[in-house]
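Report on one structure; see the data block that follows.
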Amino acid sequence: MSLLSVFVKYRNLISQLVARDIKTKSRRSILGLLWTVLNPLLMMAVLSIVFSYFFSRYGEIDNFPVYLLCGQLIFNFFNESTSIAMGSIVHSGELIKKVYVPKYLFPVSKVLSSGVNLLASMIALIIVMAVTRARVTPTILLALFPLLYVLLFSTGVSLFLSAAAVSFRDLMHLYSVITTAWMYLTPVIYPMAILENAPGWVRLIVNVNPLTGFIKIFRCVVLDGVTAPAILHVQSLAWCALALLIGTFVFRKAQDTFILKI
Amino acid sequence: MKIENAIEVKDVSMCFNLSREKVDSIKEYVIKALKRQLFYEEFWALNDVSFEIRKGDSVGLVGMNGSGKSTMLKIIAGVLRPTRGGVETTGTIAPMIELGAGFDHDLTARENIFLNGALIGYPREMLEERFDDIIEFAGLERFVDVPIKNFSSGMLARLGFSIATIVDADILIVDEILAVGDYQFQNKCKKRIREMMERNTTVLFVSHSIEQVKEICSRAIWIDHGHVRMMGEAEEVCDAYESPEA
């Protein structure tokens, strides 16, 4: 309850921090926010030219560009938000030493800024769906659920990482290696059918991987026009709860020592 | 807490771990742990410090470099949590431990007013309403939409002071800020601090300039090596602090 009242009290600060991130990002390049739309579009174009050919022997994926973009949007949001949020405490060091602000606002605001980018890059998805004449069904409104899941999961992971990065700065370098491996263990580019010949432990990891669940639900409602199996929702919610629980626990334990270490 | 007090500091002790070299990466941690070099040295910056400040008082903290003044201010502002003891305060605190902490240099003065105001905890409507006053006091009318990376340090200090003091906080913490800015701005700041004191704001003032402490404060606390050495009328304490045998 007190957490919620703090959130209400500081919502002005959160919106200011998010606005700051978006303003400084768009100000550094001429095309500004347009990049948030262009980047996934261009990446999708390159990848689908290459991989739709490679994966054709695993059976036809209908509408590979949309299939790919769905995976990319979810994975890139997770990757971007956690990577940026990780350094948020370290980089706000000067501020934390001088003014009292609830410290979790820094990683949370970074995740929310990435969330705004995610919404903007949804425009790319709409464009590609229009161009490829994808079938649009009412289930697309359910896309809100997987987006919410990945937002909650990323928040939990970000809380953990931002606290850990204060004690171990080199974690930031290590993390880019981890996310690369993570990407290959998530069906972003490849179809699930490709895993039939893979060793059992690889299939297990890919299936347990929380991001796989979010992406599967997302593709169900956007691409296939059906509701996702309930078990996927249960699995996703469980991952969100676990991430938030560990994240807040570690963050709360560590936050009083931040000022001594930055 | 007594009703007439604005700040109560009770038996506050603050201990820092001085590791001889700061370990802040996994690599170093593993190496040091293997070599069994992970020892810590304790340093007590404050030892059982207790004092009370009444509402509306203006109190100067004096002491040498490293005596624990800034640590004390940070504990009162809620930035640091003391190892032992506790601090109670009433009302809002306007901390000015360093002016302009939290400015983003890529943003304009206008955008920074809202960002910095939000950090201090001001509501947005109030900032919009008092926007012109903030700019006017800082004397930056012509530079409202200029990114502050192009500002001089004096301009930044003016903007920071102006934002922090635009409303009367119950407690104002002033740390060495009058050292920056030209004499005109210093006088403007002193005038504003006095106006706030007249409206019953409690002021906590840290400065190495004994003249300024005597000028602004009615009472003073002398902190020496983490202990309260003397407490009382500003004149008396300052004279003792300046006397040769101190």
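Chains as they are written, first to last, in my numbering: chain A, 1 to 262; chain B, 263 to 508.
A virtual CB, placed ideally from N, CA and C, is assigned to each residue, including glycine.
Here the structure is a predicted model, which is why all the values come from computation and not from measurement.
Three CB pairs or more closer than 8 Å across the segment 56–75 of chain A and the segment 12–23 of chain A: no
Suppose the cutoff is 8 Å on Cβ atoms and the five residues either side in sequence are ignored; what does the same chain contact list for Thr227 of chain A look like? Thr139, Leu142, Cys220 and Val221.
Going along the chain, which residues of its own chain have a beta-carbon closer than 6 Å to the beta-carbon of Asn309 of chain B, five neighbours each way excluded? Ser275, Gly488 and His489
Taking the alpha-carbon positions, what's the Lys331 of chain B to Val468 of chain B distance? 8 Å
Determine whether the Cβ of Glu94 of chain A lies closer than 8 Å to any Cβ atom of chain B. Closer than 8 Å: yes.
Range of the contiguous beta strand (DSSP E) that encloses Ala307 of chain B: Glu303 to Arg316
Start and end of the beta strand (DSSP E) containing Ala268 of chain B? Asn267 to Leu280
Report the start-end ranges of each beta strand (DSSP E) in the segment 438–486 of chain B that is 3 residues or longer and not cut off at the edges. If we require 3 residues or more, the beta strand (DSSP E) runs fully inside the segment 438–486 of chain B come out as 464–468 and 481–486.
What residues from the segment 336–370 of chain B come within 7 Å of chain A, judged by C-beta to C-beta, listed N to C? Within the segment 336–370 of chain B, Ala339, Gly340, Val341, Leu342, Arg343, Pro357, Ile359, Glu360, Ala363, Gly364, Asp366, Asp368 and Leu369 place their CB atoms closer than 7 Å to a CB of chain A, listed in sequence order.
Residues in the segment 241–258 of chain A with C-beta within 9 Å of chain B's C-beta atoms, listed in sequence order? Asp256
Quick one: which chain A residues come within Cβ less than 8 Å of Ile382 of chain B? Val99
Leu144 of chain A: which of A:Ile96, A:Phe214 and A:Ser113 sits nearest, CA to CA? A:Phe214
Just to confirm my understanding: we take Met1 of chain A, look at its own chain, exclude 5 residues before and 5 after, and list those with CB closer than 8 Å. What are they? Note that Met1 of chain A scores a pLDDT of 42, beneath 50, so its modelled location is shaky; the value from the coordinates is reported in the next line. For Met1 of chain A, where only same-chain residues beyond five positions count, there are no Cβ hits under 8 Å.
Along chain B, in chain order, which residues have C-beta atoms closer than 9 Å to that of Thr24 of chain A? Asp366, Asp368 and Leu369
Within 8 Å of any Cβ in chain A, is that where the Cβ of Lys411 of chain B sits? no
Should Ser471 of chain B go down as buried or exposed, given a rule of 16 or more other Cβ atoms within 10 Å for buried? exposed
Residue closest to Ser163 of chain A, alpha-carbon to alpha-carbon, out of A:Phe106, A:Met43 and A:Phe77: The sequence given here places Ala at residue 163 of chain A; Ser does not occur at that position. Comparing alpha-carbon positions, the option among A:Phe106, A:Met43 and A:Phe77 lying closest to Ala163 of chain A turns out to be A:Phe106.
Residue from B:Arg346, B:Glu290, B:Asp273 and B:Trp306 whose Cα sits closest to the Cα of Leu280 of chain B: B:Trp306
Roughly how far, in whole angstroms, is the beta-carbon of Arg542 of chain B from the beta-carbon of Leu402 of chain B, given that I think they are within contact range, below 8 Å? Nothing can be reported for residue 542 of chain B: it is not among the residues displayed for chain B, which extend from 263 to 508.
Looking at the structure shown, is Phe405 of chain B part of a helix, part of a strand, or coil, going by DSSP? helix
Between the CA atoms of Lys110 of chain A and Pro344 of chain B - distance to the nearest angstrom: C-alpha separation (whole angstroms): 29 Å.
Can you give the beta carbon distance from Phe393 of chain B to Asn378 of chain B, rounded, assuming they're within the 8 Å contact cut? Not a contact, Cβ separation roughly 12 Å.
Counterpart residues of Met43 of chain A in DSSP-defined beta bridges: Note: Met43 of chain A sits in no beta bridge, so no partner.
Contact criterion: CB-CB distance below 8 Å. Does Lys289 of chain B meet it with respect to chain A? yes
Separation of Ile425 of chain B from Arg461 of chain B, as counted between CA atoms: 18 Å
Neighbour-count burial assignment, Asp437 of chain B, 16 or more Cβ in a 10 Å radius: Burial call: buried.
Which residue wins for smallest C-alpha separation from Ala363 of chain B, given the options A:Gly93, A:Val50, A:Pro102 and A:Gly87? Residue A:Gly93 is the option with its Cα nearest to Ala363 of chain B.
Scan the segment 336–382 of chain B and note each continuous beta strand (DSSP E) run of 3 residues or more that stays entirely inside, going in chain order. 346–351 and 355–358
Excluding the 5 residues flanking Val351 of chain A on each side, which residues of the same chain have their C-beta closer than 8 Å to its C-beta? Absent from the model: residue 351 of chain A. The displayed extent of chain A is 1 to 262, so no value can be given.
Tell me which residue opens and which closes the alpha helix (DSSP H) that Glu517 of chain B is part of. No answer is possible for residue 517 of chain B: it lies beyond the span of chain B, which begins at 263 and ends at 508.
Assess, as a yes-or-no matter, whether the segment 65–73 of chain A is touched by the segment 236–249 of chain A under the definition of 3 or more beta carbon pairs within less than 8 Å. Verdict: no, contact absent.
Taking the alpha-carbon of Val157 of chain A as reference, which of A:Pro146, A:Asp170, A:Ser167 and A:Tyr175 has the nearest alpha-carbon? A:Tyr175
Which class does Ser320 of chain B belong to by DSSP, given the choice of helix, strand or coil? strand
Secondary structure of Leu434 of chain B, DSSP reduced to three states: strand
Does DSSP put Pro506 of chain B in a helix, a strand or coil? In this structure, Pro506 of chain B counts as coil in the three-state DSSP scheme.
Name the two residues that bound the continuous alpha helix (DSSP H) containing Arg392 of chain B. Arg386 to Ala400
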